[in-house]
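A.B. asks: Quick one: the structure is below, and I'll ask about it shortly.
Residue numbers (my numbering): 7 to 174.
What follows is the structure in structure tokens.
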């Protein structure tokens, strides 16, 4: 089996964010998917070792911030290759809090969706969180960043914690 064939599946690039008490955190994710339209439900796959996983488990909700195609690699690196245990990822970043307390990016984002968790599926290294979309809006008219564009044009890499990571 050639695991690189999995890279042919179309993905976007998102900042999935949540709160835990008065702290906020977020991470880059590419595995976000719509499950139904009525009611609107989404799923997201998050590595259990990621700090954001703790925040989602406790808050029972999260936001999906759809990144703009023009988002720079420094911004992506901040949310994708640094840990919120070590840095305040949202420091100096334009954001606001949703009514549920989750961060909504006001820069580098084309849209946001807020999800209230209804179900979790344990997938070994990852948890798939599934829930109803309770709020959503368009932030800008920018073009969403795809995972293919991130790899092919921006020359980005997948971190080891990503569901799409392939060794070698």
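Glycine included, each C-beta is placed from N, C-alpha and C at the ideal position. Only a predicted model underlies this, so the values are computations on that prediction, with no experimental measurement involved.
Cβ of residue 53 within 9 Å of Cβ of residue 131?
C.D. replies: yes
A.B. asks: With distance defined between alpha-carbon atoms, name the residue in 66, 105, 97 nearest to residue 113.
C.D. replies: 97
A.B. asks: Look up residue 159 in the DSSP assignment and say whether it is helix, strand or coil.
C.D. replies: coil
A.B. asks: Let me know the alpha helix (DSSP H) ranges lying completely inside the stretch 76-150, each 4 residues or longer, listed in chain order.
C.D. replies: 79-86
A.B. asks: Would you decide whether residue 109 is buried or exposed? Buried here means 16 or more other CB atoms lie within 10 Å of its CB.
C.D. replies: buried
A.B. asks: Taking buried to mean at least 16 other C-beta atoms within 10 Å of its own C-beta, is residue 34 buried or exposed?
C.D. replies: buried
A.B. asks: What are the partner residues of residue 58, as DSSP defines its beta bridges?
C.D. replies: For residue 58, DSSP assigns no beta-bridge partner whatsoever.
A.B. asks: For a test of the three-state rule: what should DSSP assign to residue 51, helix, strand or coil?
C.D. replies: strand
A.B. asks: Beta strand (DSSP E) containing residue 37: first to last residue?
C.D. replies: Per DSSP, residue 37 lies in no beta strand (DSSP E) segment and is marked neither H nor E.
A.B. asks: If we call anything under 9 Å between Cβ atoms a contact, is residue 24 one with residue 51?
C.D. replies: no
A.B. asks: Consult DSSP for residue 10 and reduce its assignment to one of helix, strand or coil.
C.D. replies: helix
A.B. asks: Determine the extent of the beta strand (DSSP E) in which residue 26 is found, giving its start and end residues.
C.D. replies: 20-26
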